[in-house]
Structure formats: structure tokens, C-alpha cells
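In our numbering, the protein residues as written are 68 to 136. Glycine included, each C-beta is placed from N, C-alpha and C at the ideal position. Small disclaimer: the values here were computed from a predicted structure and weren't measured. Right, one structure below, let's go through it.
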């Protein structure tokens, strides 16, 4: 171990800006939720369920809107 403290050499990654994205691929709907230190993707068979989930996440994260891809 060089320098005595291996963790001292770790550079933290930049925190992501929170966002919610909705998109469709191959007949399935996906919602991607990005928070400061984590990312979650959920899939739905129905667009209405995906939009309802996205709206709930938008509200939880105090965002003005979500993106449709």
C-alpha cells in the first residue's frame, strides 16, 4: 500500500442530477429514476402504469416534470 491510506487516493464521482425518464422499447415501458447516488429502472407492460409511477417519483424527488424519451 502506497502512501499509508488507500482511501485517500479515491476520487469521488460527481453526483448525478435527479431526474425521471419514461421511454418505450419493444412494446414495454421503462421508467428510469436517477437520484444523487443511485439509479433505478423499472419496466411496465402498460403505459399508464409507467406514467403513474413516473409521476409519483417526480413528486417524491420534488421535480417540476419528467422526460419522455
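- Under the three-state reduction of DSSP output, residue 90 falls in the strand class.
- Membership of residue 118 in the alpha helix (DSSP H) is indicated by the continuous run 114-127.
- Distance from the Cα of residue 88 is smallest, within the candidate group 94, 113, 106, for 106.
- For residue 132, there is no enclosing beta strand (DSSP E), since its DSSP letter is neither H nor E.
- Contact check for residue 126 against residue 86 fails: the beta carbons are separated by 8 angstroms or more.
- Going by DSSP, residue 95 is part of the beta strand (DSSP E) stretching over 95-101.
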